[in-house]
Structure formats: structure tokens, C-alpha cells
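Engineer: In the order they appear, the protein sequences are chains L and D.
The numbering used here numbers the first residue of the first sequence as 70 and each following residue consecutively.
The numbering used here numbers the first residue of the second sequence as 5 and each following residue consecutively.
Below you'll find the structure I mean.
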Amino acid sequence: EPEVTQTPSHQVTQMGQEVILRCVPISNHLYFYWYRQILGQKVEFLVSFYNNEISEKSEIFDDQFSVERPDGSNFTLKIRSTKLEDSAMYFCASSEDPPGEQYFGPGTRLTVT
Amino acid sequence: AQSVAQPEDQVNVAEGNPLTVKCTYSVSGNPYLFWYVQYPNRGLQFLLKYITGDNLVKGSYGFEAEFNKSQTSFHLKKPSALVSDSALYFCAVRDMFGGATNKLIFGTGTLLAVQP
Numbered sequence: 070e071p072e073v074t075q076t077p078s079h080q081v082t083q084m085g086q087e088v089i090l091r092c093v094p095i096s097n098h099l100y101f102y103w104y105r106q107i108l109g110q111k112v113e114f115l116v117s118f119y120n121n122e123i124s125e126k127s128e129i130f131d132d133q134f135s136v137e138r139p140d141g142s143n144f145t146l147k148i149r150s151t152k153l154e155d156s157a158m159y160f161c162a163s164s165e166d167p168p169g170e171q172y173f174g175p176g177t178r179l180t181v182t
Numbered sequence: 005a006q007s008v009a010q011p012e013d014q015v016n017v018a019e020g021n022p023l024t025v026k027c028t029y030s031v032s033g034n035p036y037l038f039w040y041v042q043y044p045n046r047g048l049q050f051l052l053k054y055i056t057g058d059n060l061v062k063g064s065y066g067f068e069a070e071f072n073k074s075q076t077s078f079h080l081k082k083p084s085a086l087v088s089d090s091a092l093y094f095c096a097v098r099d100m101f102g103g104a105t106n107k108l109i110f111g112t113g114t115l116l117a118v119q120p
């Protein structure tokens with residue numbers, strides 16, 4: 070069964086550093102998403118991406134964040150200058166069409182020290 | 005504002021007994037409702053969804069959920085629990101008011117513990 074993959078599974082970085090989280094969505098899906106879950110809190114929407122542009126973003130997704138689909142398979146989330154409060158589990162998801170279910174990857178645990 | 009509530013942090017049930025994990029929602033328009041399950045060190049796995057039609061929807065692993073518009077609820081159920089069902093369950097909603105949004109709003113999750 071096709072699945073969303075994410076790398077790395079765990080990333081430790083120092084405050085102020087840039088990080089890139091990588092995702093490979095399911096191959097025939099057209100819509101891509103990033104969510105995050107701070108430890109002990111809800112899963113929160115960050116951004117959705119379709120047709121090579123952001124279709125929706127939350128207030129969390131400020132100028133420090135960016136997304137890109139650099140080729141036909143990868144989907145990345147970049148945090149330009151990490152803060153302590155960016156420490157969270159970041160989930161990538163994809164869906165075949167808007168009304169359908171979103172399929173999630175296993176997540177990348179980001180720890181900012 | 006859209007929201008999802010899962011009133012129980014944890015549900016304990018004996019193996020073989022029926023289980024219910026509760027979810028209520030608040031949206032402006034018609035809801036699309038989803039249940040996901042998360043096992044340790046794994047991502048969120050899709051279980052089932054309600055978009056339209058029959059209020060009782062069936063999903064993976066024998067789970068089902070009932071959409072109740074008057075009570076704004078979407079409780080997850082299973083007639084006979086298995087120890088392997090022990091996991092964290094998330095309810096999520098997509099608000100269809102005002103046009104397209106793909107954003108899922110999640111509840112806080114309910115830990116299901118099935119005792120042998």
C-alpha cells in the first residue's frame with residue numbers, strides 16, 4: 070500500500086539555524102499539507118499546497134516558514150531561523166482530491182536547543 | 005470558530021467489550037468528519053470518514069462511526085475491542101462553509117486502552 074514517507078525521523082538543531090524537513094507524498098496525490106504537534110497539544114494545520122503554490126496557510130506559518138516541491142516527488146518544509154518554540158512533531162500529508170481523506174507520514178520530531 | 009472536542013483523555017475497556025470514543029464538533033457549515041488512529045512512533049492512520057449520505061459509516065479494522073447532526077457528534081465505535089486496538093485516536097473536521105478549505109481541525113486525542 071502506498072504511503073507518505075518523511076525524513077529525517079528526528080532532527081536536533083540549534084536555535085537560529087535553518088532546517089529542511091522532507092516528505093515524499095503518495096505518487097498520484099495532488100494536494101500536500103504540513104501539520105505540527107507540539108508535545109501534549111493538538112495537531113495543528115500549517116499549510117496546504119496545490120499546483121505549485123500555497124493554497125492556504127495558518128497564522129503559525131509566518132515568514133520563517135516556506136514550502137517547496139523541488140521535483141516531481143519531494144515536498145519540503147523549511148524553517149529559516151528556528152526558535153525554541155518550533156520544537157514539535159511535524160507531519161506531512163497528501164490527498165488525492167480536496168474532499169478526500171488526507172494520508173499522513175510518520176512525522177519528523179524537531180528538537181530546537 | 006471551528007473546533008473539535010474529545011471529552012475523554014483516556015478510555016479503558018476490556019477485550020471483547022464494545023468501545024466508544026466520543027467526538028463533538030462545531031463548524032459554520034456542513035462538516036466533513038474523520039477519525040484517525042496513531043500507534044506509537046507511527047503517523048496518523050486514516051480510519052473512516054463521513055462526507056454525506058448514511059449517518060453510520062464503516063471503516064478499517066471493524067470500526068464504525070455515527071454522524072448525529074442534532075447532537076453535532078461523530079462517536080467512534082467498535083462492537084468488540086481487541087488489545088491491538090490500544091492506541092491514540094483523533095477526531096478531525098473539515099468545515100465546508102464558505103468554499104474550499106482543505107484544513108483539518110483536530111481534537112486533542114483519546115487514548116484507548118484495551119485490557120486483556
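We put the beta carbon where it would ideally sit given N, CA and C, even for glycine.
Being a predicted model, the structure only gives us computed values, none of them experimental.
(1) To the nearest whole angstrom, what separates the beta carbons of L:E113 and L:S127, a pair I think is in contact under 8 Å?
(2) Hey, would you say L:F130 sits closer than 8 Å to L:I148, going by beta carbons?
(3) Verify the CB distance criterion: does L:E87 have a CB-CB separation below 8 Å to chain D?
(4) Which parts of the stretch 32–106 of chain D are runs of the beta strand (DSSP E), unbroken and 3 residues or longer, counting only runs that do not cross its ends?
(5) Between D:P120, D:V97, D:T112 and D:A69, which lies nearest to L:L108 when the distance is taken from Cα to Cα?
(6) What are the residues in the stretch 101–119 of chain D lying within 9 Å of chain L by C-beta distance?
(7) Give the residues of chain L in contact with D:K53, contact being defined as C-beta atoms less than 7 Å apart.
(8) Which of helix, strand or coil does DSSP assign to L:E154?
(9) So L:E125 contacts chain D; which residues on that side make the cut at Cβ distance below 8 Å?
(10) DSSP has D:A117 in a bridge; who is on the other side?
(11) Chain D partners of L:G176, CB-CB under 7 Å?
(12) State the beta-bridge partners of L:K126 as determined by DSSP.
(13) Which residues in chain L sit within 7 Å of D:F78, going by Cβ to Cβ distance?
Structural biologist: To lay it out plainly:
(1) Here residue 113 of chain L corresponds to residue number 44 of the first sequence, with the count starting at 1. Here residue 127 of chain L corresponds to residue number 58 of the first sequence, with the count starting at 1. L:S127 and L:E113 do touch by the CB rule: their CB atoms are close to 7 Å apart, below 8 Å.
(2) Here residue 130 of chain L is taken as the residue at index 61 of the first sequence, counted from 1. Here residue 148 of chain L is taken as the residue at index 79 of the first sequence, counted from 1. Their beta carbons are not under 8 Å apart, which means L:F130 does not touch L:I148 by this criterion.
(3) Looking up residue 87 of chain L in the first sequence gives position 18. Nearest CB-CB separation between L:E87 and chain D: not below the 8 Å threshold.
(4) You should have 35–42, 48–54, 60–62, 68–72, 77–82 and 91–99.
(5) The residue you call residue 108 of chain L lines up with position 39 of the first sequence. The alpha carbon of L:L108 has as its nearest neighbour, out of D:P120, D:V97, D:T112 and D:A69, the alpha carbon of D:T112.
(6) The stretch 101–119 of chain D vs chain L, Cβ under 9 Å: A104, T105, N106, K107, L108, I109, F110, G111, T112 and G113.
(7) As a working note, residue 53 of chain D is residue 49 in the second sequence. Here the neighbours are E170.
(8) Here the question's residue 154 of chain L lines up with position 85 in the first sequence. DSSP places L:E154 within a helical segment (H, G or I) once states are collapsed to three.
(9) For the purposes of this step, residue 125 of chain L is taken as the residue at position 56 of the first sequence. Simply T105, N106 and K107.
(10) The residue labelled residue 117 of chain D in the question sits at position 113 within the second sequence. DSSP output for D:A117 lists D:N16 as bridge partner(s).
(11) Counting from one through the first sequence, the residue named residue 176 of chain L turns up at place 107. Per Cβ cutoff of 7 Å: G47.
(12) In the first sequence, residue 126 of chain L corresponds to position 57, counting from 1. L:V116, per the DSSP bridge assignment.
(13) Stepping through the second sequence from its first residue, residue 78 of chain D is reached at position 74. Chain L residues near D:F78: none, gap ~14 Å exceeds 7 Å.
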